[in-house]
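Presented below is the structure to which this report refers.
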Amino acid sequence: RAAFTGFLKRHLHEVQTTAHAAELVLRAMGIAHDAIIHGLEDVFLAGTTTILGGILLQLVQPIVTNDNRGPSNLVSPSSSSPSSPSLLSSPRSRVYPWAFVCASIGDCKAFHYSATDRRVSEITGNSRRSSSANDCGGRLGPYLEGGAPDLRNLAIFLRPCEEGDLLFLASDGLHDNLDPAQIGKSPRDLGLDIDDWAEAGYQEELEAFKSHWRLQLMTELLRS
Numbered sequence: 003r004a005a006f007t008g009f010l011k012r013h014l015h016e017v018q019t020t021a022h023a024a025e026l027v028l029r030a031m032g033i034a035h036d037a038i039i040h041g042l043e044d045v046f047l048a049g050t051t052t053i054l055g056g057i058l059l060q061l062v063q064p065i066v067t068n069d070n071r072g073p074s075n076l077v078s079p080s081s082s083s084p085s086s087p088s089l090l091s092s093p094r095s096r097v098y099p100w101a102f103v104c105a106s107i108g109d110c111k112a113f114h115y116s117a118t119d120r121r122v123s124e125i126t127g128n129s130r131r132s133s134s135a136n137d138c139g140g141r142l143g144p145y146l147e148g149g150a151p152d153l154r155n156l157a158i159f160l161r162p163c164e165e166g167d168l169l170f171l172a173s174d175g176l177h178d179n180l181d182p183a184q185i186g187k188s189p190r191d192l193g194l195d196i197d198d199w200a201e202a203g204y205q206e207e208l209e210a211f212k213s214h215w216r217l218q219l220m221t222e223l224l225r226s
């Protein structure tokens, strides 16, 4: 963590665009991996870790959307940033003076609470892609041949933000406790025609349903 955050702190003043911010976050991931295996004759003696981190940027030129549906992810950020022109505003436009650029490897999750919409949405999406909690989907540290990291689910995101919004970064130890299966809710409690979560196994539609339920729960908790 220190290697990741230290690199970003040293180079934060250089950021000119959101694309450049994304590049720095990815480079910080590489620095963190190198720090894990540094100085080891046998690199596989080192551990592995999931990671989620990014940069919150105050934009010189805000991002303007041409509808009022709220923010969404912009994967592989463009140069919509401090120095690039915004879209022309309209009666239904929304202006975002902030942007959160982050990268994720593994099963950590990032959530965004919109102060305007008063609801929680997920930035990172479903990254685990497996019913097994033992497979986090990716990790830094020695995992593949030669001590290379596991980058299967490496992804980068950009989320426009407004004043008063909240960002939550959570490890699986936290967000798994908001999973309906972990807090005693059966599939039938949620209106599904399934008797047991384990019997259903891993299904993308089922995971999407559970994710939607978790977001509703988080929204209710923050509104209360």
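No gaps in the numbering here: position 188 of the sequence shown is 190 in our numbering, and each next residue is one more. Glycine included, each C-beta is placed from N, C-alpha and C at the ideal position. These figures come from a predicted structure and were not determined experimentally.
DSSP bridge partner residues for residue i (one or two, in chain order)
| i | result |
| --- | --- |
| tryptophan 100 | Gln60 and Cys163 |
| lysine 111 | Ala172 |
| leucine 54 | Ser106 |
| valine 122 | Tyr115 |
| aspartate 152 | Arg141 |
| alanine 157 | Ser106 |
| threonine 67 | Arg96 |
Member of the options whose CA lies at the smallest distance from the CA of residue i
| i | options | result |
| --- | --- | --- |
| isoleucine 158 | Gly108, Pro144, Gly175 and Met220 | Gly108 |
| arginine 190 | Arg94, Glu16 and Leu208 | Leu208 |
| valine 17 | Arg121, Ala37, Cys163 and Leu59 | Leu59 |
| serine 226 | His177, Arg120, Ala21 and Val27 | Arg120 |
| glutamate 165 | Ala117, Ala202 and Gly127 | Ala117 |
| glycine 148 | Ile39, Ile185 and Ala101 | Ile39 |
| glycine 140 | Leu54, Val27, Ala21 and Ala4 | Leu54 |
| leucine 26 | Trp100, Ala105 and Ala101 | Ala105 |
| threonine 126 | Ala101, Trp100 and Leu156 | Leu156 |
8 Å CB neighbourhood of residue i in its chain, flanking five on each side removed
| i | result |
| --- | --- |
| lysine 212 | Asp181, Pro182 and Ala183 |
| leucine 192 | Pro182, Phe211 and Trp215 |
| alanine 4 | Ala37 |
Residue i to residue j span [Cα, whole Å]
| i | j | result |
| --- | --- | --- |
| phenylalanine 9 | alanine 24 | 13 Å |
| threonine 67 | leucine 160 | 14 Å |
| leucine 103 | histidine 13 | Reading the sequence as shown, one finds valine at residue 103 and not leucine. So the alpha carbons of these two residues sit roughly 15 Å apart. |
| aspartate 44 | glutamine 218 | 46 Å |
| cysteine 163 | leucine 61 | 10 Å |
| glutamine 63 | alanine 21 | 14 Å |
| aspartate 198 | valine 97 | 44 Å |
| leucine 28 | threonine 7 | 12 Å |
| leucine 194 | glycine 56 | 36 Å |
| histidine 35 | glycine 143 | 5 Å |
| asparagine 136 | threonine 52 | 12 Å |
| aspartate 167 | leucine 42 | 43 Å |
| leucine 47 | histidine 177 | 29 Å |
| isoleucine 32 | threonine 19 | A small correction: the amino acid at residue 32 is glycine; isoleucine does not occupy that position in the sequence shown. One C-alpha to the other measures close to 20 Å. |
| proline 84 | histidine 15 | Confidence is the limiting factor: at proline 84 the pLDDT is only 45, short of 50, which leaves the residue's position unreliable and the question unanswerable from this model. |
| asparagine 179 | alanine 200 | 17 Å |
| leucine 223 | isoleucine 185 | 15 Å |
Own chain partners of residue i with C-beta closer than 7 Å, once the 5 adjacent residues on each side are dropped
| i | result |
| --- | --- |
| tyrosine 145 | Thr50, Pro151 and Asp152 |
| arginine 154 | Gly139 and Gly140 |
| glutamate 124 | Lys111, Phe113, Ser213 and Leu217 |
Cβ shell of residue i (< 6 Å), same chain only, five flanking positions each side left out
| i | result |
| --- | --- |
| isoleucine 2 | Missing from the structure shown is residue 2; the chain here goes from 3 to 226 and no further. |
| glutamine 122 | Here residue 122 turns out to be valine, not glutamine, going by the sequence shown. Same-chain partners within the cutoff: Phe113, Tyr115, Leu217, Met220 and Thr221. |
| alanine 30 | Phe6, Phe9 and Leu10 |
Heavy atom of the ligand FAD within 7 Å of residue i beta-carbon
| i | result |
| --- | --- |
| asparagine 136 | Only the bare structure without any ligand can be found here, which leaves the ligand FAD out of the picture. |
Using 8 Å as the threshold, is the segment 95-111 in touch with the segment 166-178, meaning 3 or more CB pairs across them?
-> Flag = yes, the segment 95-111 and the segment 166-178 touch.
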